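Comments concern the structure below.
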Amino acid sequence: MNDLLYKVQSRFLFHAHVRIKIPASCDDAVFSELFTVMESVDRKYNSYSPDSYIDRINRNAGHFVTVDDEMASILKEIVFFSDIFKGAYDVTVMPLVRLWGFYRDKVDRIPSERDIGTVRPFVDYRKIEINGNEVRIGKGQEIVTGSFIKAYAVDRVVCRMRELGIDDGIINAGGSTIYALGPAAGDEWDIAVSDPADNRSAYSFSLLNRCLSTSCQSETFVTVDGKRYGHILDPRTGYPSPNRLVCIASDRCMVGDIVSTGLFCETRDSFVEVLGRIPREYALEGFLIDPSGEPVCSSSFCYTHEKNAV
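Residues 1 to 310, numbered by full-length UniProt numbering, are exactly what the sequence shown covers, in order.
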């Protein structure tokens, strides 16, 4: 980006290595303050954190649970985007995730059509009820936050950095959520994303005060009879999406991660149409790489494809 000096710290949060890069002139205590913001989000809103609000909602499925204003606001936005995706994005997908055996040590077979048919009725975001600070899901349902909570925590960190007067830096949350913070007159950050099917192929982007969210199947998967099945499931079918990569540029990380996950379950033909349903004020751009390796992108999205990247 430029010749400025930076310092970096990394911590393991949300099952990912989170790296924060800030100007070298900042006091080291800033790192602790920023990571504390993320740790608070993890503790209060992550479905994998014991006694978080989502954990309480899941454990009390079928009954209302009292949550704070922030949790209610997050879930309302989740439902808003779920409506746009018409079932392709659904945070109640956890019963299917468990059925497929993701995060288990060994999986011997893929679920049968009958198995999937038994579980799919529990996957329905429309059964999430939000009445003020009371939230209820249906019996047998379970919310999973993996598609948005890490990104929401990054949004909170970006806000805190700006409050502290830090207008330059990078937050990289596991490679799937990257926010590039910079002064209005500064140079853009150059970000590269590897093609999950070809490590010598990469896509490069320029970002300034925006987030790049990526979805792919290369990190979390199960292998049955020598074939890989990725963890991003299409809630409408119960099966993993076959796409290779989705990248979305956005002003807010949580929005970008939700959209990249939902669009990962779309086809080349539906990608641009579904992206066009999202209100323009969200200023979203991006592209999808289908199973054959062919890209389709929004009209204003710019990237560079390097086929022999090292």
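Glycine included, every Cβ here is placed at the ideal spot set by N, Cα and C. Keep in mind the model is a prediction, meaning the values are calculated, not measured.
| Item | Value |
| --- | --- |
| Cutoff 8 Å; reference Ile166; Cβ partners in own chain excluding five residues on either side | Ile22, Pro23, Cys26, Val30 and Leu181 |
| Lys86 burial status per 10 Å Cβ neighbour count (16 or more: buried) | exposed |
| Phe301 to Arg280 span [Cα, whole Å] | 14 Å |
| Per-residue DSSP class, three states only, for Gly262 | helix |
| Residue environment, Gly276, which counts as buried when at least 16 other CB atoms sit within 10 Å | exposed |
| Straight-line Cα distance separating Ala151 from Phe287 | 19 Å |
| Euclidean distance between Cα positions of Ala72 and Ile130 | 7 Å |
| Cutoff 7 Å; reference Lys44; Cβ partners in own chain excluding five residues on either side | Ser52 and Tyr53 |
| Nearest-angstrom Cβ-Cβ length linking Val67 and Val154, presumed shorter than 8 Å | Going by Cβ atoms, the distance from Val67 to Val154 rounds to 21 Å, so no, they are not a contact pair. |
| Status (buried if at least 16 other CB within 10 Å, exposed otherwise) for Val310 | Confidence at Val310 is low in this model, with a pLDDT of 48, below 50, so the placement of that residue is unreliable and no value is reported for it. |
| Opposing strand residues paired with Gln217 [DSSP bridges] | Paired residue(s): none; Gln217 is not in a bridge. |
| Three-way DSSP call (helix, strand, coil) for Tyr303 in this model | coil |
| Where Val296 sits in the DSSP three-state scheme | strand |
| Rounded Cβ spacing between Asp195 and Leu245 (contact assumed at less than 8 Å) | 7 Å |
| Cα-Cα separation between Trp189 and Asp90, rounded to whole angstroms | 32 Å |
| Paired residues, beta bridge with Lys21 - DSSP | Val8 and Ile170 |
| Nearest candidate by alpha-carbon position, reference residue 311, set Gly62, Val274, Phe35 and His305 | Residue 311 is absent from the structure shown; the chain starts at 1 and stops at 310. |
| Integer-rounded CB distance, given that Phe148 should sit under 8 Å from Ile78 | 7 Å |
| Integer Cβ distance of Val144 from Val193, believed to fall under 8 Å | Not confirmed; about 24 Å, so no contact. |
| Exposed unless 16 or more other CB atoms sit within 10 angstroms - verdict on Cys247 | buried |
| Selection from Glu266, Lys307 and Ile278 that minimises the alpha carbon distance to Val296 | Glu266 |
| For Gly101, the three-state DSSP class (helix, strand or coil) | coil |
| Other residues of its chain near Met1: CB distance less than 8 Å, five sequence neighbours each side excluded | For Met1, the predicted structure reports a pLDDT of 46, less than 50, and the residue's modelled location is therefore unreliable. A value from the coordinates is still provided. Excluding residues within five positions, the ones whose Cβ falls inside 8 Å are Gly182, Gly186, Asp187, Glu188, Trp189 and Asp190. |
| Top-ranked residue by Cα proximity to Ser82, from Ser32, Val274 and Lys227 | Val274 |
| Backbone secondary structure at Asp290 - three-state DSSP | coil |
| Alpha carbon of residue 316 to alpha carbon of Glu294, nearest angstrom | In the structure as shown, the chain begins at 1 and stops at 310. Residue 316 is therefore absent and cannot be evaluated. |
| Among Tyr6, Asp269 and Ile74, nearest to Arg156 - alpha-carbon criterion | Ile74 |
| Alpha carbon of Glu306 to alpha carbon of Asn46, nearest angstrom | 36 Å |
| Straight-line gap, Gln217 to Asp257 (C-alpha atoms, nearest Å) | 14 Å |
| Nearest neighbour of Phe122, chosen from Phe271, Glu70 and Gly140 [CA to CA] | Gly140 |
| Reduced DSSP secondary structure (H/G/I, E/B, other) of Phe31 | helix |
| Bridge partners - Val65, DSSP secondary structure assignment | Val135 |
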